[in-house]
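J.: My questions will all concern the structure given below.
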Amino acid sequence: MKYDVYGIGNAIVDIVTEVDIDFFQRNNVEKGVMTLVDEKRQLELMKAIDMHRSKMSGGGSAGNTVVAINQLGGRSYYSCLVAHDDLGHFFLKDLDRNGVHTNLKFEDCPPGHTGRCLVMTSPDAQRTMNTFLGVSSFLSPKHLNEDAIKNSTYVYLEGYLVSSPKGLEAMIEAKKIAEQNKINVALTFSDPSMTKYFSKQMEEIVGASVDLLFCNEEEAMIFTGTDFISDAREKLRTVAKRFAITLGANGALIFDGDTYIEIEPYRVRAIDTNGAGDMFAGAFMYGITHHHSYAEAGKLASLASSRVVQQWGPRMQPDEVKKVLGDLVQ
Numbered sequence: 102m103k104y105d106v107y108g109i110g111n112a113i114v115d116i117v118t119e120v121d122i123d124f125f126q127r128n129n130v131e132k133g134v135m136t137l138v139d140e141k142r143q144l145e146l147m148k149a150i151d152m153h154r155s156k157m158s159g160g161g162s163a164g165n166t167v168v169a170i171n172q173l174g175g176r177s178y179y180s181c182l183v184a185h186d187d188l189g190h191f192f193l194k195d196l197d198r199n200g201v202h203t204n205l206k207f208e209d210c211p212p213g214h215t216g217r218c219l220v221m222t223s224p225d226a227q228r229t230m231n232t233f234l235g236v237s238s239f240l241s242p243k244h245l246n247e248d249a250i251k252n253s254t255y256v257y258l259e260g261y262l263v264s265s266p267k268g269l270e271a272m273i274e275a276k277k278i279a280e281q282n283k284i285n286v287a288l289t290f291s292d293p294s295m296t297k298y299f300s301k302q303m304e305e306i307v308g309a310s311v312d313l314l315f316c317n318e319e320e321a322m323i324f325t326g327t328d329f330i331s332d333a334r335e336k337l338r339t340v341a342k343r344f345a346i347t348l349g350a351n352g353a354l355i356f357d358g359d360t361y362i363e364i365e366p367y368r369v370r371a372i373d374t375n376g377a378g379d380m381f382a383g384a385f386m387y388g389i390t391h392h393h394s395y396a397e398a399g400k401l402a403s404l405a406s407s408r409v410v411q412q413w414g415p416r417m418q419p420d421e422v423k424k425v426l427g428d429l430v431q
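Printed below as a string of structure tokens:
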């Protein structure tokens, strides 16, 4: 079977909740970034929030992206790792419901705990994440499907994996297989903390170059060691053949290999930015693998991500995503 995108990333179940601004100081949480925590620390935080008002959904950066691709009408494959527990069953059923193929079978999953992410959304619409990876930290090259990689247009690597030695190995191996078979390689930096604290590992993944890079402006400047996006974009050209830099409420900047394309934002009232970058990447890759120009794909991605920030949680329902395509041609 031919896939538009083969994704590799963490399998995480999101627990999305609302907190007040003072919550972070009271509980010693770094606001606005993703922090890896152990299970004990995460349970402490879960006791400090109102779990009755929280919502659970399938998550993980690349997981959100491949689901978005399928919801828009594309075809994707996902390599990940869950435990043989209730959350693992929930995650795999969610992939299946969205038509995403995987080589994981629940009965073969290891014992332990499936990864979960406490997504704390504050009144300024920022999302702060504390993630317990569980068995996802053991994702390794043995969990890849080489045939699926060879039958994909793009391999999409989740930047969060650089925090795990085995995950880093899996990324390197997936990129190697893709390059040997002339498959495009896309990478997302995933979070500013990945470029800040794992810069050496991220540079190892980038290597000579990647075909397509996704990042936001903060990640771009941290990775390139610059203070202005105008300088960052020039340096990114030396490590990525093409890239997309999301600029929040200011839209996005696309480099298609020749020229810069400014993508206008859709003015909305954001209540939760969790999953906006994942949706942008999914809609953009759907666009470029379905005969859309980079400008058209960027417009689609901007529209789709503007819709996801108007709701709680990182994913929209399939029928809501398909409405985006209809609204785009109106």
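With our numbering as the guide, the letters of the sequence shown map in order to residues 102 to 431.
Ideal placement from N, C-alpha and C gives every residue a C-beta, glycine not left out.
Ignoring anything shorter than 4 residues, give me the alpha helix (DSSP H) runs that lie fully in the segment 324 to 367, in order along the chain.
T.: Taking only runs of at least 4 residues, the alpha helix (DSSP H) segments lying wholly in the segment 324 to 367 are 330 to 337.
J.: Excluding the 5 residues flanking G383 on each side, which residues of the same chain have their C-beta closer than 6 angstroms to its C-beta?
T.: Answer for G383: T166, A169 and I170, listed in chain order.
J.: Note down the Cα distance separating D187 from Y257, rounded to an integer number of angstroms.
T.: Each residue's alpha carbon lies about 27 angstroms from the other.
J.: Taking only runs of the beta strand (DSSP E) that begin and end inside the segment 111 to 191, which ones reach a length of at least 3 residues, in chain order?
T.: Listed in chain order, they are 113 to 119, 135 to 137, 156 to 160 and 177 to 180.
J.: With a CB to CB cut of under 8 angstroms and the five nearest residues on each side skipped, what residues in its chain are close to S470?
T.: The chain is shown from 102 up to 431; residue 470 falls before or after that span and cannot be answered.
J.: Is the CB-CB distance between S158 and Y104 below 8 angstroms?
T.: No, they are not a contact pair.
J.: At the level of alpha carbons, what is the spacing between K297 and F324?
T.: Each residue's alpha carbon lies about 7 angstroms from the other.
J.: In whole angstroms, what separates the C-alpha of D359 from that of Y395?
T.: Cα-Cα distance, rounded: 11 angstroms.
J.: For my contact list, A377 and V422 are in at a C-beta cut-off of 8 angstroms; report their separation, rounded to the angstrom.
T.: Not confirmed; about 14 angstroms, so no contact.
J.: Excluding the five sequence neighbours on either side, which residues of its own chain have a C-beta within less than 6 angstroms of the C-beta of V220, listed in chain order?
T.: Counting only Cβ-Cβ distances below 6 angstroms, and skipping sequence neighbours, we find D115, V117, R228, M230 and N375.
J.: Three-state secondary structure (DSSP) at V409?
T.: It is helical.
J.: Would you list the residues sitting across from V236 in a DSSP beta bridge?
T.: For V236, which the question treats as bridged, DSSP gives no partner whatsoever.
J.: In the DSSP assignment, the beta strand (DSSP E) including Y107 goes from what residue to what residue?
T.: Y107 -> beta strand (DSSP E) spans Y104 to I109.
J.: When burial is assigned at 16 or more other CB atoms within 10 Å of the CB, is I122 buried or exposed?
T.: Its Cβ having fewer than 16 others within 10 Å, I122 is exposed.
J.: Hey, out of A149, P212, D197 and V286, whose CA is closest to Q126's CA?
T.: Nearest C-alpha to Q126: A149.
J.: Is the segment 238 to 254 touching the segment 338 to 347 in the sense that three or more CB pairs, one from each, lie closer than 8 angstroms?
T.: Touching, no.
J.: Applying the criterion that 16 or more other CB atoms from any shown protein chain within 10 Å of the CB defines a buried residue, is S403 buried or exposed?
T.: With 16 or more Cβ atoms within 10 Å of its Cβ, S403 is classed as buried.
J.: Counting C-beta neighbours from all protein chains within 10 Å, is the total for N351 16 or more, i.e. buried, or is it exposed?
T.: Exposed, since its Cβ has fewer than 16 Cβ neighbours within 10 Å.
J.: Kindly confirm or deny that the segment 261 to 273 and the segment 297 to 310 touch, where touching means at least three C-beta pairs closer than 8 angstroms.
T.: Because the criterion of three Cβ pairs below 8 angstroms is met, the segment 261 to 273 and the segment 297 to 310 touch.
J.: From the DSSP output, in three-state form, read off R228 for me.
T.: Correct three-state label for R228: strand.
J.: I need the straight-line Cα distance from S406 to Q172, nearest angstrom please.
T.: If you take the alpha carbons of S406 and Q172, they lie about 14 angstroms apart.
J.: With DSSP as the reference, label T222 as helix, strand or coil.
T.: Reduced to three states, the DSSP call for T222 is strand.
J.: For the beta strand (DSSP E) that contains L288, what are its first and last residues?
T.: Looking at the DSSP string, the run of the beta strand (DSSP E) that includes L288 is N285 to T289.
J.: Where N285 and L314 are concerned, what is the direct C-alpha to C-alpha distance, given to the nearest angstrom?
T.: Taking the straight line from one Cα to the other gives about 11 angstroms.
J.: Ends of the beta strand (DSSP E) at V256?
T.: Note, V256: beta strand (DSSP E), S253 to E259.
J.: Is R370 helix, strand or coil when you go by DSSP?
T.: Coil at R370, not helix or strand.
J.: Measure the C-alpha to C-alpha separation of L193 and I113 and round it to an integer number of angstroms.
T.: The straight-line gap from Cα to Cα measures roughly 11 angstroms.
J.: Using only alpha-carbon positions, find the residue among V369, A371, L348 and R370 that is nearest to I362.
T.: Ranking the options by Cα distance to I362, first place goes to L348.
J.: Beta strand (DSSP E) containing F207: first to last residue?
T.: No beta strand (DSSP E) holds F207; DSSP gives it neither H nor E.
J.: On the three-state DSSP scale, how would you describe L78?
T.: What the structure shows of the chain is the stretch from 102 to 431, and residue 78 is not part of that stretch, so it cannot be assessed.
J.: Relative to the alpha-carbon of N46, which residue among V263, D379 and R368 has its alpha-carbon at the smallest distance?
T.: The structure shown does not extend to residue 46, since the chain spans only 102 to 431, so no value can be given for it.
J.: In whole angstroms, what is the alpha-carbon distance linking A287 and C181?
T.: Near 17 angstroms, if we compare the C-alpha coordinates of C181 and A287.
J.: Work out the CA separation of T289 and F356 for me, nearest whole Å.
T.: Distance between the alpha carbons of F356 and T289: 15 angstroms.
J.: What first and last residue would you give for the alpha helix (DSSP H) that runs through K297?
T.: Start and end: P293 to Y298.
J.: Am I right that K276 and S241 are in contact with their C-beta atoms under 8 angstroms? What's the rounded C-beta distance?
T.: The pair is not a contact, with the Cβ atoms about 15 angstroms apart (cut-off 8 angstroms).
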